[in-house]
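Report on the structure given below.
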Amino acid sequence: MKIALVSPYDFAYPGGVASHITNLDTQLRRLGHDVRVIAPASHAVNTFGERFLPIGRPRSLPSSGSIIRITLSLTLADHIRRVLNREKFDIVHLHEPFMPMLCSAVLRFSETVNVGTFHACEGVPGYYLGWPVIPFLVRRRARKLGGRIAVSRPALEYARHHIPGEYEIIPNGVDLRNFNPDVAPFPEYRNGKRNILFVGRLEKRKGLAYLLKAFLRVKREMPDTRLIVVGTGTRLRRRYERYVAQHGLQDHVIFKGFVSEEDKARYFRTADVYCSPATGHESLGVVLLEGLATGTPVVASDIPGYSSVITNGQDGLLFPRKDSRRLAESLLRVLDDRSLAERLSAAGLKTAAGYSWESVGERVAGFYQSVLAARG
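Taking our numbering, the leading residue of the sequence shown gets 812, the next gets one more, and so forth.
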């Protein structure tokens, strides 16, 4: 099959959908399919060579406590038509198909079999802008989707609220070749201190503020601890650094900024416990899978997207979101109880194995075949 994977988000900027598409591209090509990636890009994307087809220049837009980078151009129609007419895809696979502007425009002009993957569990602007005209058009255009995939139960429920219909749940995957227990830790941080790891963009909804408050409690109970913060962001990072300085934690909280996927896996292996204190808007939590896959015990907030991956007390610990006291207690449980940490680690590896990208890619390819067969 010749397949288009379409992203509404800036593909030159790291993000969950871009990572999903990159891994899906690898698996579909492994299965023998011919794949192109269509997305806006703020600068050159070299990963795919000539298989990357840029359309539109992205702009930053505040959305649900985060910043999304999408193209807002109203003049994409001719470019989209030219690409679709030239490439003659068998499948056009749109990720967040109603996110303005690129995906919704591609769906409008595509005359082949269209599949949509719904990643979000909150806050897709395309469902609300221009009410009530735009929601009416969205539902009408949804008829052009031959198949619908949701990455989790929370994502399904959110999408179905706006666009009723049948959905197949096919989750995000984890790259077990990169994230596994054999990855080498960073030796400079294995110096007798216990390491707590945070990985995520430095945005309010990722919950780092609650982890910093919890770390103060942990530090009082267990002085030989360190917090390593991995993730991009500047405005809130300055605020977090001021908080750290005010509480005398400069030597115990390390801000690493952006790191490569290879180094991210090494930070997971360096950690004694990984913590994700996100307050919402997470439909699945790929970063949880990455932690589980490296054998790192996971402590996470009990938001729906995370509880669809983690079974509390079995392969991770869940705490009430925004509750720094309970977060600190959960971290201390894992750091103080080696047998608990080992049980969580072993169970987490089994959980992660069920999300391998090889398995996810085969399920998506099988879904394409079922949609094509239904169309006849």
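Using N, Cα and C, we set each Cβ at its ideal position, and we do this for glycine too.
Nearest neighbour of residue i, chosen from the options [CA to CA]
{"i": "G984", "options": "L1129, G1106, G1096 and D1126", "result": "G1096"}
{"i": "F990", "options": "L967, T1045 and T1081", "result": "T1081"}
{"i": "A852", "options": "H844, R870, E861 and D821", "result": "D821"}
{"i": "A855", "options": "S830, Y824 and V1055", "result": "Y824"}
{"i": "D1083", "options": "C932, L1142, A931 and P965", "result": "L1142"}
{"i": "G1042", "options": "I1114, V1098 and R892", "result": "V1098"}
{"i": "H904", "options": "F929, R1031 and L816", "result": "L816"}
{"i": "R870", "options": "I879, I814, D901 and T886", "result": "I879"}
{"i": "A829", "options": "V848, I814 and V1109", "result": "V848"}
{"i": "K955", "options": "E1173, C914 and A961", "result": "C914"}
{"i": "L1019", "options": "V1171, E1169 and S1135", "result": "S1135"}
{"i": "R1154", "options": "G1177, E968 and T1122", "result": "T1122"}
{"i": "M812", "options": "A1185, Q1180 and R1186", "result": "Q1180"}
{"i": "A1104", "options": "D993, R841, L1060 and P865", "result": "D993"}
{"i": "K1004", "options": "V1070, F1178 and R1037", "result": "R1037"}
{"i": "V962", "options": "P1088, Y1117, S1156 and D845", "result": "Y1117"}
{"i": "D845", "options": "E1032, I902 and N857", "result": "I902"}
{"i": "G1106", "options": "E922, G1159, Q1125 and G1187", "result": "G1159"}
{"i": "E1079", "options": "T886, L835, S1156 and D836", "result": "Note that residue 1079 is Phe in the sequence shown here, rather than Glu. Considering only alpha carbons, the answer is S1156."}
{"i": "F1130", "options": "L1146, S1150, V1109 and D1147", "result": "V1109"}
{"i": "C1086", "options": "A1056, V1145 and A970", "result": "V1145"}
{"i": "D1035", "options": "K1133, Y978 and D1147", "result": "D1147"}
{"i": "E774", "options": "L967, S921, H1092 and G1102", "result": "Nothing about residue 774 can be read from this structure; the chain reaches only from 812 to 1187."}
Distance between beta carbons of residue j and residue i, contact taken as under 8 angstroms
{"i": "F1066", "j": "R1050", "result": "So it is not a contact: roughly 12 angstroms between Cβ atoms."}
{"i": "S884", "j": "G867", "result": "5 angstroms"}
{"i": "A931", "j": "R1028", "result": "About 33 angstroms; that fails the 8 angstroms criterion."}
{"i": "G976", "j": "V926", "result": "Their Cβ separation, rounded to whole angstroms, is 13 angstroms, which puts G976 and V926 out of contact at 8 angstroms."}
{"i": "S877", "j": "E1014", "result": "5 angstroms"}
{"i": "P819", "j": "I891", "result": "Actually they do not touch by this definition, with Cβ atoms about 13 angstroms apart."}
{"i": "I1039", "j": "N1002", "result": "Contact doesn't hold; Cβ gap of about 13 angstroms is too wide."}
Limits of the alpha helix (DSSP H) - the one that residue i falls within
{"i": "V917", "result": "L913 to F920"}
Boundaries of the beta strand (DSSP E) in which residue i is found, first to last residue
{"i": "G927", "result": "V924 to F929"}
{"i": "V903", "result": "I902 to H906"}
In DSSP terms, what residue i is bridged to
{"i": "L816", "result": "V848 and H904"}
Residue-level contact to chain D via CB, residue i, 8 angstroms cutoff
{"i": "Y1051", "result": "Considering every chain present, this structure includes no chain D. It has just one protein chain."}
* **Residue ranges of each beta strand (DSSP E) within the segment 952–1026, 3 or longer** => For the segment 952–1026, whole beta strand (DSSP E) runs of length 3 or above, ordered along the chain, are 956–961 and 1005–1010.
* Asked: Quick one: complete beta strand (DSSP E) runs, 3+ long, within the segment 1030–1080?
  -> Taking only runs of at least 3 residues, the beta strand (DSSP E) segments lying wholly in the segment 1030–1080 are 1036–1041 and 1064–1068.
* To do: Please specify which runs of the beta strand (DSSP E), each continuous and at least 3 residues long, are wholly inside the segment 818–893, giving them in chain order.
  => As for any beta strand (DSSP E) of minimum length 3 sitting wholly inside the segment 818–893, the runs are 845–850, 863–865, 869–874 and 877–882, ordered along the chain.
* Quick one: complete beta strand (DSSP E) runs, 3+ long, within the segment 1083–1114? -> For the segment 1083–1114, whole beta strand (DSSP E) runs of length 3 or above, ordered along the chain, are 1084–1087 and 1109–1112.
* To do: Within the segment 1120–1172, note down every full alpha helix (DSSP H) run reaching 4 residues or more, in order along the chain.
  => The segment 1120–1172 contains these whole alpha helix (DSSP H) runs: 1135–1147 and 1149–1164.
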